[in-house]
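Everything below concerns the one structure shown next.
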Amino acid sequence: MGIKVCKFGGTSMADGNVILSAAKIVDSDPERRYVVVSAPGKRFSGDIKVTDLLYKCSDEADAGDVFAFKETFGKIRVRFLNIETEVGKKLGMKEALDEVEEAILNGAGRDYCASRGEYLAAKIMAAVLNVPFVDATEFVRFDKEGVLSEETFDLAAKVLSAYPRAVVPGFYGLGANGKVKTFSRGGGDISGSIVARGVMASLYENWTDVSGFYACDPRIVNSPKWISELSYQELRELSYMGANVLHSESIFPVRSAGIPIRICNTFRPEDAGTYIVKTSKRGVSENVVTGVAGKKDFTVISLEKSMMNGEVGFVEKVLSVIGKRGISFEHLPSGVDTMSLVIDNAYLKNGVLEEVVEEMKAAVRPDKIYTHKDIALVATVGHGMAKNVGTSARLFKAISEAGINVIMIDQGSSEMNIIVGVENKDCADCIKAIYDEFFN
Ligand code: ASP
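Residue numbers (the working numbering): 970 to 1409.
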C-alpha cells in the first residue's frame, strides 16, 4: 500500500463546511495518511485571507497601535470561532487564540504572527480527523541565509516515522535563530512536498480549487485545454511565469525522489487533475507546446559597447552592480556587442533604477545604455518543442500577426521554453495569439 500526502490550500480550509469536505476526502482513502494545511483563505471574492489579516496584525502590533491590532485580530478570532461551530466540535479555539494574541503583543515577531493561520488550521484538521498534530518546527529547518536546510529531509523522515498518520501546518518551520520562519507566500505547497519526501510518499496530492493546470490562464482564453500531465521542469517554468496553481519551488523536495504530484480539486474530487512527473509521457503527436504563461512588470536594461565580446570581465562588472545591491535578474540575453538584463520592477523602485544605470555607466563605460520599463515576459513551454523544426517560426508569426512588438527574446538551452518580452499592455494578447496558434 502506498502513502499519499494531501496538502489542502486556503480555499479548501476557508470555512468549517469545506474543512469537513476535505476531511471526507482524506477518510475516503486509507493511503491518505499525512495531511498538510494552509491557513483559511478566501470564502468569496472580496474576502480577506487569514494570512493577510495576520500580516496586518503584525504591522499594527509593530506600530504600537493596539486598538487597530485588536480590531483586526477580532476578525481572525471570529473566523476561527465560526469554524469551530461549523465543524461541530469543541476545539479549544478561544484559548488557542488568546495564547496567539498574547504572544504577538509580546513581540513574537512577524513570521510567528503570519504562521499562526496554518498552526490553528492544522489543530482544527487534526481534531476533525482524530489524527495527531505534528508541528512543522519539529523538522522544517532554515539555514542562516534563510534557505531551506538539507537536514530538513532526514529530520522529516525521522520525526514522521513515529506517526503512522499526522496533520502538519504548512508555510513555516524553524529559522537558524530558533524562531518561527515562514516560506514565501503560497509556501504551504513546499511544506507538503517536504512531508511527501520525508515519508517517501507514493503520491503528493495538492488539493486546491481548480482541477489542475490549463494550457493558459482561463481569464485570458475561454476554456483553455486542460493538461493531464506535466514534467517537473515544465511545471517549474509555467508556475514561475505566473501559472498560479502551485508554488514554483514545491517540486524541489520531491523531484530527486521522483515522487509524482497530483493537482486535485476539493470542490470536484472526481476530476482527474493534473499529474506532475519526472518525465512526461505526453506523446509527440500531442501539442508541441504544453502551456503558455506570462508575468508583468519587468525592466530591461540594455548596454551596447563596441568590442564588448573581447572585453574580459565586462559581464562580471555589470552584474556586480546589481549583485552588491542584492538585486537578482531573470534573464540575460546578449549579442556580440550588446547585453541586456531583465529585472523585476520591484527591485528598481524609488530611484534605484536610475542609480543602477549610473553605476553601470561608471563600471563599464558603455557606448549606450537604455532602459525599457513595464515589460511582460511570456513563456511558451513544452518538451515537445525541442528539435521540432519551425516552432519558433510559428510562434513569432503568430505574435507579429497580432500586431505585437517583441522587445526581447530568450530561449533556454534545453529548447523547452521560448521567452519573449513585450509591453505590459500586450501581455494577454500575446498569450492568446500563441495559444491560438498551437492549440486551435
Ligand atoms: N497561507 C500562506 C499564504 O497565504 C501560505 C499558503 O497558503 O500556502 O501565502
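The beta carbon of each residue, even a glycine, is placed where N, CA and C say it ideally should be.
- In this structure, DSSP gives Gly-1086 a helical state, which the three-state scheme calls helix.
- For Ile-1388, the secondary structure class from DSSP, reduced to helix, strand or coil, is strand.
- At the C-beta level, Asp-1104 and Pro-1138 come within 9 Å of one another.
- The ligand ASP has a heavy atom closer than 8 Å to the beta-carbon of Phe-1140.
- Judged by beta-carbon spacing, Pro-1222 lies within the 9 Å limit of Phe-1122, meaning their Cβ atoms are closer than that value.
- Only residues of its own chain outside the window of five on either side were considered, and among them Lys-976, Asn-1175, Leu-1215, His-1216, Ser-1219 have a CB closer than 7 Å to the CB of Asp-1158, listed in chain order.
- For Met-1377, the enclosing beta strand (DSSP E) begins and ends at 1377–1380.
- Within the same chain, Arg-1046, Phe-1049 come within 7 Å of Leu-1066 by CB-CB distance, once the 5 residues on both sides are set aside.
- Just measuring C-alpha positions, the residue of Val-1056, Pro-1193, Val-1326, Ala-1332 sitting nearest Ala-1096 is Val-1056.
- Taking non-hydrogen atoms of the ligand ASP into account, the C-beta of Thr-1020 is found less than 8 Å away from one of them.
- Burial check for Met-1094: the Cβ neighbour count within 10 Å reaches 16 or more, so the residue is buried.
- The Cβ atoms of Phe-1140 and Gly-1086 sit closer than 9 Å to each other.
- Looking from the CA of Glu-1327, the closest CA among Leu-1364, Ser-1309, His-1352, Val-1287 belongs to Val-1287.
- Within the same chain, Leu-1272 come within 6 Å of Met-1308 by CB-CB distance, once the 5 residues on both sides are set aside.
- Relative to the ligand ASP, the nearest heavy atom lies less than 8 Å away from the CB of Asp-1158.
- By alpha-carbon distance to Asp-1313, the top candidate from Cys-1026, Ser-1297, Leu-1129, Met-982 is Ser-1297.
- Contact check for Val-1258 against Phe-1407 passes: the beta carbons are separated by less than 9 Å.
- Its Cα nearest to that of Ala-1170, the residue Ala-1226 stands out among Ile-1270, Ala-1226, Ala-1402, Lys-1293.
- With fewer than 16 neighbouring CB atoms inside 10 Å of its own CB, Asn-1099 falls in the exposed class.
- Sequence-distant Cβ neighbours of Asp-1398 in its own chain, meaning closer than 7 Å and more than five residues away, are Ala-1371, Ile-1373.
- His-1352 and Glu-1384 have their C-alpha atoms roughly 7 Å apart.
- Between Leu-1346 and Ile-1388, the gap from beta carbon to beta carbon is short of 9 Å.
- Beta-bridge annotation (DSSP): His-1300 is paired with Val-1311.
- Around the beta-carbon of Ser-1275, fewer than 16 other beta-carbon atoms lie within 10 Å, marking it exposed.
- Boundaries of the beta strand (DSSP E) around Val-1006: 1001–1006.
- Using a Cβ distance threshold of 9 Å, Val-974 and Tyr-1003 count as a contacting pair.
- The way I'd put it, the region 1197–1211 does touch the region 1235–1250; three or more beta-carbon pairs between them come closer than 8 Å.
- Contact check for Thr-1268 and Lys-1342: beta-carbon distance about 5 Å, within the 8 Å limit, so the pair qualifies.
- Under DSSP, the beta-bridge partners assigned to Ser-1200 are Val-1246.
- Between the alpha carbons of Lys-1092 and Phe-1102 lies a gap of roughly 6 Å.
- For the pair Ala-1367 and Ile-1403, the CB atoms are nearer than the 9 Å cut-off.
- Approximately 5 Å separates the beta-carbon atoms of Val-1350 and Glu-1203; this is inside 8 Å, confirming the contact.
- Rounded to the nearest whole angstrom, the C-alpha separation of Val-1284 and Gly-1381 is 19 Å.
- A residue is called buried once 16 or more other Cβ atoms fall within 10 Å of its Cβ, and Asn-1386 is buried on that count.
- The Cβ atoms of Ile-1344 and Met-1377 sit closer than 9 Å to each other.
- The region 1098–1184 is shown to contain whole alpha helix (DSSP H) runs of 4 or more residues at 1120–1130, 1157–1167, in chain order.
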